[in-house]
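According to our numbering, the sequence shown holds residues 785 to 1015 in order. Glycine is no exception: its CB is placed at the ideal position from the N, C-alpha and C atoms. None of these values were measured; they are calculated from a predicted model. Everything below concerns the one structure shown next.
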Amino acid sequence: MQAIILAGGKGTRLKPYTITLPKSLVPVKDIPILEIIIKQLKKSSFSDITLAVGHLAELIRSYFNNGKKFGVKIKYSVESKPLGTAGPLKLIKNLNKNFLVMNSDDLTDFDYKDFFEFHKKNKAIITIATFNKKVNIDLGVLEVGKNNEIVDYIEKPIYNFNVSMGIYAFDKKAIDYIPKDEYFDFPDLIKILKKDDKKILCYEHKGYWLDIGRPEDYEKANEELEKNILV
């Protein structure tokens, strides 16, 4: 099975860790996050992997090479300018009918194989992995009505949101909606597909998930994750 990993970002939010390293090579428990992901994908029978790279691409290529030492086949697709989160997919040749797309900074115990089979069985053009995320607001939140009248005062509320995990299953037909050589993000693609009445599904993950895009989340990952949960 085929997987595309988006590893071209600069990791701006993760500075200072990403000053000299691409975000995908930042280590968790002494293992680069992208290596953890590749090993997980291999266990789920994804052996054909394309790394969509840009920023510091040579370091990523030097570390992973052709993927032989990880038991997978790795190819590279290089963007010469930033193309957003969906734009790089337009550059990739020889895509399968269905394939996996994901970010390079997700730490999770996600069942990639079950997710992929769910997508194919339901014949969606895109399936999005979702997670119920609790967001703490460390402030008093005011609900304001007409004429500046206070309706309610909620002290440090906790909200729940269904968020994208940055893991997607694609039908190849979705690529036709991505413009060539233009900056284009996933929300743009989803909106266009919805406008065209295409079938887009979600798949809820109830296990562990952490996006290490921010320093506080990266530090949390190193504190709480045991190596055997990752690889």
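What three-state label does DSSP hand GLU901 in the structure shown? Taking the sequence shown and counting its residues from 1, the one referred to as residue 901 is at position 117. DSSP places GLU901 in helix when its eight states are reduced to three.
For PRO963, three-class secondary structure by DSSP: Taking the first residue of the sequence shown as 1, we reach residue 963 at position 179. Note: PRO963 maps to coil in three-state DSSP.
Supposed contact pair LYS905 and SER828 - C-beta distance, whole angstroms, cut 8 Å: As a position in the sequence shown, residue 828 is number 44, starting the count at 1. As a position in the sequence shown, residue 905 is number 121, starting the count at 1. Not confirmed; about 16 Å, so no contact.
Segment limits, beta strand (DSSP E) that includes PHE883: What you label residue 883 is simply residue 99 of the sequence shown in a count that begins at 1. Unbroken beta strand (DSSP E) run through PHE883: 882-887.
Should ASN887 go down as buried or exposed, given a rule of 16 or more other Cβ atoms within 10 Å for buried? For the purposes of this step, residue 887 is identified with residue 103 of the sequence shown, where counting begins at 1. It counts as buried.
Just checking my contact of ALA953 with ASN882 at CB under 8 Å: how many whole Å lie between their CB atoms? Here residue 953 corresponds to residue number 169 of the sequence shown, with the count starting at 1. Here residue 882 corresponds to residue number 98 of the sequence shown, with the count starting at 1. Right, the Cβ-Cβ distance comes to about 6 Å (below 8 Å), so this counts as a contact.
Should ILE934 be flagged as near chain C, meaning a C-beta pair shorter than 8 Å? In the structure shown, chain C does not exist; there is a single protein chain.
Assuming the contact rule is C-beta atoms closer than 8 Å, ILE996 and ILE817 should be a hit. Round their C-beta distance to whole Å, please. Taking the sequence shown and counting its residues from 1, one reaches residue 996 at position 212. Taking the sequence shown and counting its residues from 1, one reaches residue 817 at position 33. Going by Cβ atoms, the distance from ILE996 to ILE817 rounds to 6 Å, so yes, they are a contact pair.
Please name the residue, chosen from PRO811, ILE909 and GLU901, that lies closest to LYS957 on a Cα-to-Cα basis. Translated into positions along the sequence shown, residue 957 becomes position 173. Here the closest residue by C-alpha is ILE909.
For a quick check, are the C-beta atoms of GLY769 and GLU863 less than 8 Å apart? Since the displayed the chain opens at 785 and closes at 1015, residue 769 lies outside it and no answer follows.
Span of the alpha helix (DSSP H) around THR918: What you label residue 918 is simply residue 134 of the sequence shown in a count that begins at 1. The question names Thr, but residue 918 is Lys in the sequence shown. Segment 910-920 is the beta strand (DSSP E) holding LYS918; no alpha helix (DSSP H) there.
Write down the C-beta distance between ASP832 and LYS857 rounded to the nearest angstrom, noting that I regard them as a contact closer than 8 Å. The residue you call residue 832 lines up with position 48 of the sequence shown. The residue you call residue 857 lines up with position 73 of the sequence shown. Indeed they touch by this definition, with Cβ atoms about 6 Å apart.
Own chain partners of PHE854 with C-beta closer than 6 Å, once the 5 adjacent residues on each side are dropped: Numbered from 1 along the sequence shown, position 70 holds the residue referred to as residue 854. So the qualifying residues of the chain are ILE822.
Rounded distance between the beta-carbons of ILE820 and VAL810, thought under 8 Å: For the purposes of this step, residue 810 is identified with residue 26 of the sequence shown, where counting begins at 1. For the purposes of this step, residue 820 is identified with residue 36 of the sequence shown, where counting begins at 1. Rounded, the Cβ-Cβ distance is 11 Å, inconsistent with contact.
For TYR912, which residues from the same chain have a beta carbon less than 6 Å from its beta carbon, with the 5 sequence-adjacent residues on both sides left out? Here residue 912 refers to the residue found at position 128 when the sequence shown is read from its first residue. According to the sequence displayed, residue 912 carries Ile and not Tyr. Non-local C-beta neighbours of ILE912 in its own chain, meaning closer than 6 Å and more than five positions away in sequence, comprise SER948, TYR952 and CYS986, ordered along the chain.
How is the alpha helix (DSSP H) around ILE974 delimited, first residue to last? For the purposes of this step, residue 974 is identified with residue 190 of the sequence shown, where counting begins at 1. Note, ILE974: alpha helix (DSSP H), 970-979.
Which same chain residues end up closer than 7 Å to PHE915 when comparing Cβ atoms and leaving out the 5 residues on each side of it in sequence? Stepping through the sequence shown from its first residue, residue 915 is reached at position 131. The answer, listed in chain order, is VAL947, MET949, HIS989 and TRP993.
Taking the runs of the alpha helix (DSSP H) that are 4 residues or longer, which of them lie wholly in the segment 816-903? Complete alpha helix (DSSP H) runs here, min 4: 817-827 and 841-848.
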